[in-house]
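The number in the working numbering is simply the position in the sequence shown, starting from 1, with 2 added.
Beta carbons: idealized from backbone N, C-alpha and C, even for Gly.
Beneath this line is the structure, given in structure tokens, with notes to follow.
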Amino acid sequence: MNELQFRNTIQACLDNGERLLSDVLMLEFSEPPATAFALVIIAQEEFAKAFLLTLVCKGVIPWNKFIRRATRDHTCKQLLIMIMDYLNPDVDEFIARINVPIEKQMTSAFPPHIADAINIFRHEKIRRWESGNWFWADPPNYAPKAKKVGNGEIDRLKQDQLYVNISKDGFVIPKTVITQSQFEDEKYRAERLSSLVRGMVDENRTSYLEYKEVTETLRIMFANMASNHKKDR
């Protein structure tokens with residue numbers, strides 16, 4: 003695809019995510035807000051897809067069959083959502099960051115769960131698709147938050163709001179009940195994710211230190227893929 007095609011696809015993902023958030027307005031006061039919660043998570047995944055395609059469009063990550071597969075993989079999108087949430091945090095986190103002394107801001111590394119979200123996305127997901135016999139000589143000890151997302155915890159929670167789960171004995175497995183507060187938090191997160199991608203497309207976010215750190219890390223981690231799979235671009 004050329005840049006115009008990517009931009010059209012990015013816009014389609016953003017529009018679809020916004021449509022889902024609009025649909026949520028009809029359901030947000032349901033108790034519990036199970037369906038509304040699931041739709042919000044799906045909207046977040048659409049914004050994550052747009053985020054990944056924007057990175058491709060900017061030359062940070064190559065386009066090939068493995069990256070296309072990542073756009074359809076729920077866990078990959080949930081890992082990207084963690085990274086996006088770091089790039090466009092909520093108000094409390096934003097205030098906490100700007101109160102950090104400037105010299106520490108310039109030297110601080112990613113939070114462990116963000117570094118591990120990037121590693122899981124690159125190595126545990128995409129690299130294993132590239133090579134079925136790839137393995138760690140010394141398996142890493144991932145941060146619990148990233149490990150849970152990498153193991154599909156968010157996707158299972160989303161699915162739990164939509165379907166009846168049945169035990170091996172034929173009994174209904176009780177659902178995890180979503181609170182109104184949880185729903186509101188995820189809806190706010192979805193709105194921030196949409197804003198992030200729109201800012202990237204319009205070049206309003208690309209000068210931020212966190213953005214530069216994340217994109218440079220991803221560029222380095224995917225550099226070998228760009229040379230190995232040029233035929234898939």
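Alpha carbon to alpha carbon, how far is residue j from residue i? Give it in angstroms, no decimals.
i, j, result
"alanine 72", "isoleucine 63", "12 Å"
"leucine 41", "cysteine 59", "27 Å"
"isoleucine 44", "alanine 111", "30 Å"
"asparagine 101", "proline 146", "26 Å"
"threonine 178", "glycine 152", "19 Å"
"valine 26", "threonine 37", "8 Å"
"lysine 150", "proline 91", "20 Å"
"glutamate 186", "glutamate 212", "26 Å"
"leucine 195", "isoleucine 175", "32 Å"
"asparagine 143", "proline 103", "30 Å"
"leucine 29", "glutamate 193", "17 Å"
"lysine 214", "aspartate 118", "18 Å"
"aspartate 234", "serine 133", "At aspartate 234, the pLDDT of 48 sits below 50, so the modelled position is not reliable and the matter cannot be decided from this model."
"isoleucine 116", "glutamine 7", "30 Å"
"glutamine 161", "glutamate 155", "10 Å"
"phenylalanine 173", "leucine 159", "19 Å"
"alanine 139", "glutamine 182", "44 Å"
"glutamate 236", "glutamate 188", "The structure shown does not extend to residue 236, since the chain spans only 3 to 235, so no value can be given for it."
"arginine 74", "glutamine 80", "11 Å"
"glutamate 5", "serine 197", "21 Å"
"valine 270", "glutamate 205", "Limits of the chain in this structure are 3 at one end and 235 at the other, which puts residue 270 out of reach."
"asparagine 135", "alanine 225", "21 Å"
"phenylalanine 137", "arginine 221", "22 Å"
Below 8 Å between beta carbons: does that hold for residue i and residue j?
i, j, result
"phenylalanine 39", "isoleucine 180", "yes"
"lysine 171", "histidine 76", "Per the sequence shown, the amino acid found at residue 171 is aspartate instead of lysine. No, they are not a contact pair."
"glutamate 48", "cysteine 78", "no"
"arginine 70", "methionine 223", "no"
"isoleucine 85", "valine 216", "yes"
"isoleucine 122", "alanine 148", "yes"
Taking residue i as the reference, which of the options has the closest Cα?
i, options, result
"proline 114", "Tyr88, Tyr190 and Glu47", "Tyr88"
"isoleucine 83", "Glu218, Arg191, Gly201 and Tyr210", "Arg191"
"glycine 61", "Leu211, Tyr210, Glu212 and Val203", "Val203"
"methionine 227", "Arg130, Pro103, Ala119 and Pro34", "Arg130"
"leucine 164", "Phe224, Pro34 and Tyr144", "Pro34"
"isoleucine 12", "Thr217, Gly201, Glu218 and Phe224", "Gly201"
"isoleucine 120", "Met3, Thr219, Asn4 and Glu5", "Thr219"
"methionine 3", "Gly154, Ser32 and Thr56", "Thr56"
"leucine 23", "Glu5, Asn10, Gln46 and Asp162", "Gln46"
"phenylalanine 31", "Gln184, Tyr210 and Arg74", "Gln184"
"tyrosine 210", "Arg74, Gln80, Arg99 and Arg9", "Arg99"
Report task. Determine contact between the region 92-101 and the region 50-66, defined as no fewer than three beta-carbon pairs at a distance below 8 Å. Result -> no
Query raised in the report: Hey, which unbroken runs of the beta strand (DSSP E) at 3 residues or more fall wholly within the region 124-176?
Result: none
Query raised in the report: Is the region 13-23 touching the region 44-57 in the sense that three or more CB pairs, one from each, lie closer than 8 Å?
Result: yes
Report task. Could you name each continuous alpha helix (DSSP H) segment of 4 residues or more that falls completely within the region 47-127, going from the start of the chain to the end? Result -> 67-74, 76-89, 93-100, 104-109 and 114-121
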